[in-house]
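Read top to bottom, the protein sequences are chains A and B. The numbers in numbering that gives the first Met the number 0 rise by one with no breaks, and the one at position 66 of the first sequence is 65. The numbers in numbering that gives the first Met the number 0 rise by one with no breaks, and the one at position 29 of the second sequence is 28. Note that beta-carbon positions come from the ideal geometry of N, C-alpha and C, so glycine has one too. Heads up: the structure comes next, in structure tokens.
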Amino acid sequence: MSNPVFDQIRQDVGENDVVLYMKGTPMFPQCGFSAAVVQVLTALGVKFKGIDVLVDPSLREGIKQFSNWPTIPQLYVKGEFVGGCDIVREMASNGELQSLMKTKGVAGVN
Amino acid sequence: MTVKGSIEQKLTQGLAPTRLAVTDESHRHAGHAGHDRNGESHFHVEIVSAAFVGKSRVERHRMVNALLAEELAGPVHALSLATKTPDETAS
């Protein structure tokens, strides 16, 4: 299974501690679920890279195959897939997301 | 069968849930991309099943997504999930 998009994804999640594949940008999310995750990350105070899948159809499909996850948004922390909107919100509400980020050494967690 | 009906049927067969609630939330997304005027496109599923014991959140969602692959590839634009084991609902 070699897909050129996978190489780009590996590079992005490898070079950035926290990466959010989303619809739209952190400033202008184009979907309520993406907006919700941006809000969670902003509240946590972590720096994250938002990648807009709407600008690239091959990425939009490729990210779903890469993670074996059918929906967007998708959150990656230190290269590891954490989950989509429901999981991120659930983990944020009980403090799990915060501890995961701290354990993994992400800077700036509130 | 309605989309809601087929979601209920597949999850019941696949995961033998002790609780299952499928809510059609399409009306909350009227006019937004992915909303189908005629159809059911956005769902929330609450499911309690012993099949989730020992599985991470991501694994649980993948189990549900796999059962609903056809719906996700077709009419369903968004699926929000709350997955629990019987023990987790007791607390």
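B:ALA81: contacting residues in chain A (beta-carbon distance under 9 Å): ASP85 and GLU89
Rank B:LEU10, B:SER55, B:GLN8 and B:ALA49 by C-alpha distance to the C-alpha of B:ASP86 and give the top, closest one. B:ALA49
Count the C-beta pairs between the segment 60-73 of chain A and the segment 8-21 of chain B that are closer than 8 Å, then say yes if the count reaches three, no if not. no
Taking Cβ-Cβ distances shorter than 7 Å, what residues in chain E pair up with A:GLY44? Chain labels in this structure do not include chain E; the protein chains are A and B.
What residue does the alpha helix (DSSP H) around A:VAL45 start on, and which one ends it? Here A:VAL45 belongs to no alpha helix (DSSP H), and DSSP marks it neither H nor E.
Residue-chain proximity (A:GLY82, chain B), Cβ-Cβ < 7 Å: yes
Tell me, please, whether the CB atom of B:LEU66 is closer than 7 Å to any CB atom in chain A? no
List the residues of chain B whose Cβ lies closer than 9 Å to the Cβ of A:PHE32, in chain order. ALA77 and SER79
Could you compute how far the alpha carbon of A:ASN67 sits from the alpha carbon of A:ASN109? 30 Å
Touch test, the segment 49-66 of chain B against the segment 40-59 of chain A, Cβ-Cβ under 8 Å, three pairs minimum: no
With a floor of 4 residues, list each alpha helix (DSSP H) that falls wholly inside the segment 0-69 of chain B, ordered by position along the chain. 2-14 and 56-66
B:ALA81 - containing alpha helix (DSSP H), residue span: Where B:ALA81 is concerned, there is no enclosing alpha helix (DSSP H), although the beta strand (DSSP E) it sits in stretches over 77-83.
Do B:LEU78 and B:PHE42 have their C-beta atoms closer together than 7 Å? yes
Strand pairing of A:MET100, partner residues [DSSP]: Looking at the DSSP assignment, A:MET100 forms no beta bridge with any residue, so it has no partner.
What residues from the segment 42-70 of chain A come within 8 Å of chain B, judged by C-beta to C-beta, listed N to C? ASN67, TRP68, PRO69 and THR70
Cβ-Cβ separation, A:MET21 to A:VAL52 (assumed contact under 8 Å), whole Å: 7 Å
Which two residues bound the contiguous alpha helix (DSSP H) that contains A:LEU58? 56-66
Cut-off 7 Å between Cβ atoms - residues of its own chain near A:ALA35, not counting five sequence neighbours on either side: CYS84 and ARG88
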